[in-house]
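Visitor: Residue numbers (our numbering): 255 to 582.
Below you will find the structure I want to go over with you.
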Amino acid sequence: MALMTAGAHHASGAGAGAWCAAAGAVALAFFLGVSWARHRQIRRLTAEIDEVLHGGRSVGFSSCREGDVAILTNELGKMVARLARAGEQLAHEKSALADALADVSHQIRTPLTAVGLMLPGIEAADDPVRRKRAVCELEALLDRVAWLVTTLLKIAKVDAGAMPLNMRTVTVASVARRAVEPLAMTADLHDVALVMDVDESAVFEGDARWTAEAIENIVKNCMEHTPAGGTVSVRVREDALATSIVVSDTGPGIAPEDLPHLFERFYRGRGQGAGETAEEAALRAPGGFGIGLALAQALVSAQGGTLRAANGEQGGARFTVSFPKLVV
255 MALMTAGAHH ASGAGAGAWC AAAGAVALAF FLGVSWARHR QIRRLTAEID EVLHGGRSVG
315 FSSCREGDVA ILTNELGKMV ARLARAGEQL AHEKSALADA LADVSHQIRT PLTAVGLMLP
375 GIEAADDPVR RKRAVCELEA LLDRVAWLVT TLLKIAKVDA GAMPLNMRTV TVASVARRAV
435 EPLAMTADLH DVALVMDVDE SAVFEGDARW TAEAIENIVK NCMEHTPAGG TVSVRVREDA
495 LATSIVVSDT GPGIAPEDLP HLFERFYRGR GQGAGETAEE AALRAPGGFG IGLALAQALV
555 SAQGGTLRAA NGEQGGARFT VSFPKLVV
């Protein structure tokens, strides 16, 4: 009886050992299978990363169903997608910079070419009156170049987020006076009336200095397109959502095809007359290089405001600068 019991125990132990060995083999096979699958996923992932590093355009990684590798794959996919978008944005900005530099080169070369053409005439002029007039035109052209360079530097600062803003509660009346007063003499010389109809209590949140410069550029643009005897008006409109400064003129208005491009840099539209050279246009329109309105929009946008252009119901152009009110 004892012998049989010992044999049964021996058989039972052998069976348990066999089961353990089988279970171990299955576990080992499963582990090896998982390791092989993970190794294959990592090798595939490594190859795809290498392709991206060598300029591959595809940003989609092979899908993994679950596990740490799947999480890693998804995160890498997101990172590469962001890098691809950043690369596309950089390429777009590089192209835009090249176009802008070409425009700047052309705009500066135009008045400088005119200067070169005028100098021999000044030297050869015997009539003091003609010489004085030519010198005045020369000074005007040089002023245009200085204005252009200064304006471009301001736009570059706004684009780079390096323009310091002193945001505070500002009265519209003070900004309007600051914008209009430097232009009063020019308006008188051109027989253009400057009218301000601004509520002294109207306020907005913004930078007084840069807003005044934006309004000044808009008023200057309106003056350039308003005939003698016309009027340029600065008014305020206020409601529960925003405070708006409206600048309007009694000129010919804005051509419909020009409206979508009015705030593009160096866009001149139909303002340059038929048969008129760029030099003549530069002399006729102070600062008329097509960036005054672009600077105005950049300055307003940097403060969270908007600048819109339209034609008035009674004719003429209308520019609306709006600053949203803070909702408490």
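Backbone N, C-alpha and C define an ideal beta-carbon position, used for all residues, glycine too.
Every value quoted in this text rests on a predicted model; they were computed, and no experiment measured them.
Looking at the secondary structure, which residues open and close the beta strand (DSSP E) in which Asp451 lies?
Guide: Taking the first residue of the sequence shown as position 1, residue 451 is located at position 197. 447 to 451 is the span of the beta strand (DSSP E), which, as asked, contains Asp451.
Visitor: So, with DSSP's three-state summary, where would you put Thr404?
Guide: In the sequence shown, counting from the first residue as 1, residue 404 sits at position 150. Helix.
Visitor: Starting from Leu561 and walking both ways along the beta strand (DSSP E), at which residues does that stretch end?
Guide: Taking the first residue of the sequence shown as 1, we reach residue 561 at position 307. Per DSSP, Leu561 belongs to the beta strand (DSSP E) from 560 to 565.
Visitor: Shortest alpha-carbon distance to Ile409 belongs to which of Leu373, Val358, Pro514, Lys474?
Guide: Numbered from its first residue, the sequence shown carries residue 409 at position 155. The residue with the shortest Cα to Cα distance from Ile409 is Val358.
Visitor: Going by CA-CA distance only, name the one from Val500, Lys386, Leu373 that's closest to Val486.
Guide: In the sequence shown, counting from the first residue as 1, residue 486 sits at position 232. Comparing Cα-Cα distances from Val486 to each of Val500, Lys386, Leu373, the minimum goes to Val500.
Visitor: With DSSP as the reference, label Ile508 as helix, strand or coil.
Guide: Counting from 1 along the sequence shown, the entry for residue 508 is found at position 254. Here Ile508 sits in coil by DSSP.
Visitor: In this structure, does DSSP put Arg519 in helix, strand or coil?
Guide: If you number the sequence shown from 1, residue 519 lands on position 265. In the structure shown, Arg519 sits in coil (DSSP, three-state: anything other than H, G, I, E or B).
Visitor: Secondary structure at Glu454, three-state DSSP: helix, strand or coil?
Guide: Here residue 454 refers to the residue found at position 200 when the sequence shown is read from its first residue. Coil at Glu454, not helix or strand.
Visitor: What is the DSSP secondary structure of Ala552, counted as helix, strand or coil?
Guide: Numbered from its first residue, the sequence shown carries residue 552 at position 298. Ala552 falls in the helix class under three-state DSSP.
Visitor: So what does Pro578 bridge to, in DSSP terms?
Guide: Residue 578 sits at position 324 when you count from the first residue of the sequence shown. Answer is Ala496, bridged to Pro578.
Visitor: Does the region 496 to 513 come close enough to the region 470 to 488 that 3 or more CB-CB pairs lie under 8 Å?
Guide: Touching, per the Cβ criterion.
Visitor: For Ile472, collect the residues of the same chain with a Cβ closer than 6 Å to its Cβ; drop the 5 residues on either side in sequence, then sort them by chain order.
Guide: The sequence position of residue 472 within the sequence shown is 218, counting from 1. So the list reads Val501, Ala550, Phe573, once near-sequence residues are dropped.
Visitor: Pick helix, strand or coil for Thr480, following the three-state DSSP scheme.
Guide: Position 226 of the sequence shown, counted from the first residue, corresponds to residue 480. In this structure, Thr480 counts as coil in the three-state DSSP scheme.
Visitor: Let me know the secondary structure DSSP gives Ala592 once reduced to three states.
Guide: Only positions 255 to 582 of the chain appear in this structure, which leaves residue 592 out of reach.
Visitor: Asp461 by DSSP, collapsed to three states: which one?
Guide: Reading the sequence shown from its first residue, position 207 is the one you call residue 461. DSSP places Asp461 in coil when its eight states are reduced to three.
Visitor: Given a cut-off of 7 Å on the beta-carbon distance, is the pair Pro365 and Leu395 in contact?
Guide: The residue you call residue 365 lines up with position 111 of the sequence shown. The residue you call residue 395 lines up with position 141 of the sequence shown. Closer than 7 Å, so yes.
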